[in-house]
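For reference, each letter of the sequence shown is one residue, going 1 to 212 in our numbering.
We put the CB at the ideal spot given by N, CA and C, even for glycine.
In this text the structure is predicted, and so the values were computed from the model without any measurement.
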Amino acid sequence: MDSSKSSGETTINITESRSTKGKAAAATAPPTIVATTKAIEPQKGGWKKGVAIFDFILRLCAITAALAAAATMGTTDQTLPFFTQFFQFQASYDDLPAFSFFLIAMAIASGYLVLSLPFSIVCIVRPHAAGPRLLLLIFDTVMVALTIAAASAAAAIVYLAHNGNSNTNWNAICQQFTDFCQRVSGAVVASFVAAVIFMFLIVLSGFALRKH
């Protein structure tokens with residue numbers, strides 16, 4: 001700081017310090033924006049689309065098996081060629097409640113499978129969507145329980161038709177009603193095939209719902 005006198009006036013010269021200059025420059029300088037870029041990794045989970053396609057194919061196979069079981073059981077009816085004046089020997093699926101339940105259950109399973117196809121297509125188009133997949137998982141679980149229950153009940157009656165039960169004096173009828181027994185046996189086998197496919201569908205839905 002310099003001080004001098006001239007004509008009765010005092011002039012004071014103030015020298016700006018470096019620190020003051022640095023602060024002023026820092027205050028007036030525009031902020032520096034550091035942009036960081038992060039490489040966008042490709043979305044993983046392309047395998048989910050393959051799972052959804054396989055799910056759709058399995059549903060078509062399950063429809064075929066369930067419809068075959070329902071149609072076979074619903075058209076099973078055999079009348080023996082010999083009959084008396086008062087009796088006609090005939091066997092039909094609706095004579096046994098277990099077979100009637102079987103037919104209703106297979107019809108419900110077939111209808112559900114047809115209605116589930118659009119949701120399966122949505123899972124193919126949007127493989128990462130969890131909502132449709134979770135809905136299919138819940139209803140598939142219900143259907144596999146219904147299918148196995150119907151198939152097991154019908155299988156028990158088919159076993160009695162083939163082998164009978166001497167303790168309860170139930171005679172085997174398949175020696176006379178051969179065509180009837182063959183058809184109901186085929187329907188039961190088709191229903192178990194549908195039940196196994198339902199199990200695979202549940203497993204596929206579980207894999208598809210995994211996050212990683």
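Discussion item. Helix, strand or coil, according to DSSP, for residue 91 in the structure here?
Written reply: Locating residue 91 in the sequence shown gives position 91, where the first residue counts as 1. Note: residue 91 maps to strand in three-state DSSP.
Item to complete: Go ahead and pull the three-state DSSP assignment for residue 175.
Response: Mapped onto the sequence shown, residue 175 falls at position 175. Residue 175 falls in the coil class under three-state DSSP.
Item to complete: List the residues that DSSP assigns as beta-bridge partners of residue 165.
Response: If you number the sequence shown from 1, residue 165 lands on position 165. Paired residue(s): 170.
Worksheet item: By Cβ distance, which residues of its chain are closer than 7 angstroms to residue 144, with the 5 residues on each side in sequence left out?
Response: One-based indexing of the sequence shown puts residue 144 at position 144. These residues qualify, in order along the chain: 195, 198, 199, 202.
Worksheet item: If we call anything under 7 angstroms between Cβ atoms a contact, is residue 91 one with residue 192?
Response: What you label residue 91 is simply residue 91 of the sequence shown in a count that begins at 1. What you label residue 192 is simply residue 192 of the sequence shown in a count that begins at 1. No. Outside cutoff.
Practice prompt. Counting only the same chain and skipping the five closest in sequence on each side, list residues whose C-beta sits under 8 angstroms from that of residue 135.
Written response: Here residue 135 corresponds to residue number 135 of the sequence shown, with the count starting at 1. Excluding residues within five positions, the ones whose Cβ falls inside 8 angstroms are 119.
Worksheet item: Would you call the region 157-167 and the region 47-54 touching, i.e. three or more CB-CB distances under 8 angstroms?
Response: The way I'd put it, the region 157-167 doesn't touch the region 47-54; fewer than three beta-carbon pairs between them come closer than 8 angstroms.
Practice prompt. Could you check which residue in 57, 208, 210, 105 has the C-alpha nearest to that of residue 68?
Written response: Residue 68 sits at position 68 when you count from the first residue of the sequence shown. Residue 105 is the option with its Cα nearest to residue 68.
Worksheet entry | Candidates 148, 115, 147: closest to residue 132 by CA position | The count along the sequence shown starts at 1 and reaches residue 132 at position 132. Ranking 148, 115, 147 by Cα distance to residue 132 puts 115 first.
Item to complete: Check whether the Cβ atoms of residue 65 and residue 190 sit closer than 7 angstroms, and answer yes or no.
Response: Numbered from its first residue, the sequence shown carries residue 65 at position 65. Numbered from its first residue, the sequence shown carries residue 190 at position 190. Yes.
Discussion item. For residue 98, report the span of its alpha helix (DSSP H) as first-last.
Written reply: Here residue 98 refers to the residue found at position 98 of the sequence shown. Note, residue 98: alpha helix (DSSP H), 97-125.
Discussion item. Considering only DSSP beta bridges, list what residue 78 is partnered with.
Written reply: Here residue 78 corresponds to residue number 78 of the sequence shown, with the count starting at 1. Within the DSSP bridge table, the entry for residue 78 names 91 as partners.
Item to complete: For my contact list, residue 109 and residue 146 are in at a C-beta cut-off of 8 angstroms; report their separation, rounded to the angstrom.
Response: Translated into positions along the sequence shown, residue 109 becomes position 109. Translated into positions along the sequence shown, residue 146 becomes position 146. About 6 angstroms; that satisfies the 8 angstroms criterion.
Discussion item. Can you look up residue 46 in the DSSP assignment and give me helix, strand or coil?
Written reply: Along the sequence shown, read from residue 1 onward, the residue named residue 46 stands at position 46. Secondary structure of residue 46 (DSSP, three-state): coil.
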